[in-house]
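For the record, in the sequence shown the residue sitting at position 175 is 178 according to the numbering used here, with numbers rising by one throughout. We put the CB at the ideal spot given by N, CA and C, even for glycine. The structure displayed is predicted, hence computed values, not measured ones. Take a look at the structure set out below.
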Amino acid sequence: MPKIASIDIGTNTALMLISEYNESRFSFFEDYYEIPRIGQGVANSGVISDQKTELLKTVLLNFKKIAEQKGVERFLISGTNAFRIARNSSEVIAKVKSSTNLEIQVLSGEEEARLSYLGATWLNEGENFIVIDIGGGSTELIKGTKNKISQSVSLPLGVVALTESFGRKVPPVFNDMDKLQAEVYKVFKNIPLTVNGDEKVIAVAGTPTTLAAIKAGLTIYDENSIEGFVLKNHELQEFSKVLNNMSSDKILSNYPIVKGREDVITAGNIILSMLGNYLGIKEIQVSTRGLRYGMLFEYIRLHSQT
């Protein structure tokens, strides 16, 4: 089977995983990331800007160059919430394909949830799972077993959108927490999931991985050091107050955070901790394996002859 590059283009981040699958075994190479934030302003304007489209072209051309140098022959590329809500998505996808010869597949919220669940649980020990995927423009919640999803929902709540709607550039970042929490809980009322208490709760994407790096006391962000790290919800609640009273520059200088996430991590921490409160979740296991892994595992499952 050829080497594969799976690329996840989110509202805030673009991630690429290069991997190989031979003789029923995976070989994972380095992850690559850029933060083009293509979903900036999309919630209000309804379009992905020309500037962000050009930036996305540059990011994908760079990814393509790296991947081809490593012998990649197959590209799997997904677009998520920003592409779902922007009315010029088709135009942006056509421009990107014309410049890069790479085609973006826009995932529905349900498909994104399914693939994120697959990525988080495929190599994870356990029987019953709840997976939380907090993105830039949406949050996916999925419940199921190792082999079957029983409940899932895609919520219109993400770190970029929440920061743009309620945040400020100076601390306190969210100066009306009562209003913010009321709006978030309105969205949570659409959650159909029930928590029994026997599920392993796994969180993927930039918010939990960044928080894990901070709580683990890392000086430099390192994925290998945070896979499986457990976040305690009562600590996240307290940390929300700390982050809310720090500027983005101070967060970036004080913590092992990838540049481009410093201004949205406060919103992410708030969403994750409020979600824990709402569902009665006390501990959350962090995984670095999300959507891009799910895309890879799905491809392997459909094309492997072994």
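Between L234 and G44, what straight-line distance do the alpha-carbon atoms span, to the nearest angstrom? Reading the sequence shown from its first residue, position 231 is the one you call residue 234. Reading the sequence shown from its first residue, position 41 is the one you call residue 44. C-alpha separation (whole angstroms): 31 Å.
Give, in chain order, every unbroken run of the alpha helix (DSSP H) that is at least 4 residues long and sits entirely within the stretch 174-225. Counting whole runs of 4 or more residues, the stretch 174-225 contains the alpha helix (DSSP H) stretches 180-191, 209-218.
Let me make sure I understand the geometry here. Which of Q72, I51, L121 has the alpha-carbon closest to that of N91? Reading the sequence shown from its first residue, position 88 is the one you call residue 91. When each option's Cα is compared against that of N91, the closest is I51.
For R28, which beta-bridge partners are listed by DSSP? Here the question's residue 28 lines up with position 25 in the sequence shown. DSSP, once it has assigned bridges, lists N25 as partnering R28.
Counting pairs of Cβ atoms below 8 Å between the stretch 173-180 and the stretch 238-253, do you hit three or more? The count of Cβ pairs closer than 8 Å, one atom from the stretch 173-180 and one from the stretch 238-253, reaches three, so the stretches are in contact.
Could you have a look at V267 and say whether DSSP puts it in helix, strand or coil? Here residue 267 refers to the residue found at position 264 of the sequence shown. V267 falls in the coil class under three-state DSSP.
On the three-pair Cβ rule with 8 Å, is the stretch 199-206 touching the stretch 269-287? They touch, by the three-pair rule.
Report, in whole angstroms, the separation of the C-beta atoms of G122 and R292, which I expect to be a contact under 8 Å. Residue mapping note: residue 122 aligns to position 119 of the sequence shown, counting from 1. Residue mapping note: residue 292 aligns to position 289 of the sequence shown, counting from 1. Indeed, because the Cβ distance is near 5 Å, the residues count as touching under 8 Å.
Out of G139, Y120, R295, state which residue places its alpha-carbon closest to the alpha-carbon of L79. The residue you call residue 79 lines up with position 76 of the sequence shown. Check the Cα spacing between L79 and each of G139, Y120, R295: the tightest is with R295.
Taking all protein chains shown into account, decide if I264 is buried (16 or more other Cβ within 10 angstroms of its Cβ) or exposed. In the sequence shown, residue 264 corresponds to position 261, counting from 1. Before going further, note that residue 264 is Arg rather than Ile in the sequence given. It counts as buried.
Burial state of F31, where buried means 16 or more other Cβ atoms lie within 10 Å: Taking the sequence shown and counting its residues from 1, one reaches residue 31 at position 28. Under a 10 Å Cβ-count criterion, F31 is classified as exposed, with fewer than 16 other Cβ atoms of the shown protein chains found around its own Cβ.
Going by other Cβ atoms of all chains shown within 10 Å of its Cβ, with 16 needed for buried, is D266 buried or exposed? Position 263 of the sequence shown, counting from 1, holds the residue named residue 266. Classified as buried, D266 has 16 or more neighbouring CB atoms from the shown chains inside 10 Å of its CB.
Using the Cβ count rule (16 or more neighbours within 10 Å means buried), how would you classify E115? Here residue 115 refers to the residue found at position 112 of the sequence shown. So E115 counts as buried.
Comparing C-alpha positions only, which one of R87, V62, V134, K73 sits nearest to S102? By one-based count along the sequence shown, residue 102 stands at place 99. With distances taken between Cα atoms, S102 lies closest to V62.
Measuring straight from C-alpha to C-alpha, what distance separates L118 and N84? Taking the first residue of the sequence shown as position 1, residue 118 is located at position 115. Taking the first residue of the sequence shown as position 1, residue 84 is located at position 81. Near 14 Å, if we compare the C-alpha coordinates of N84 and L118.
Going by DSSP in three states, T148 sits in which element: helix, strand or coil? Position 145 of the sequence shown, counted from the first residue, corresponds to residue 148. Strand, per DSSP.
Exposure of P5, with buried meaning 16 or more beta-carbon neighbours within 10 Å: Mapped onto the sequence shown, residue 5 falls at position 2. The residue is exposed, with fewer than 16 neighbouring Cβ atoms inside 10 Å.
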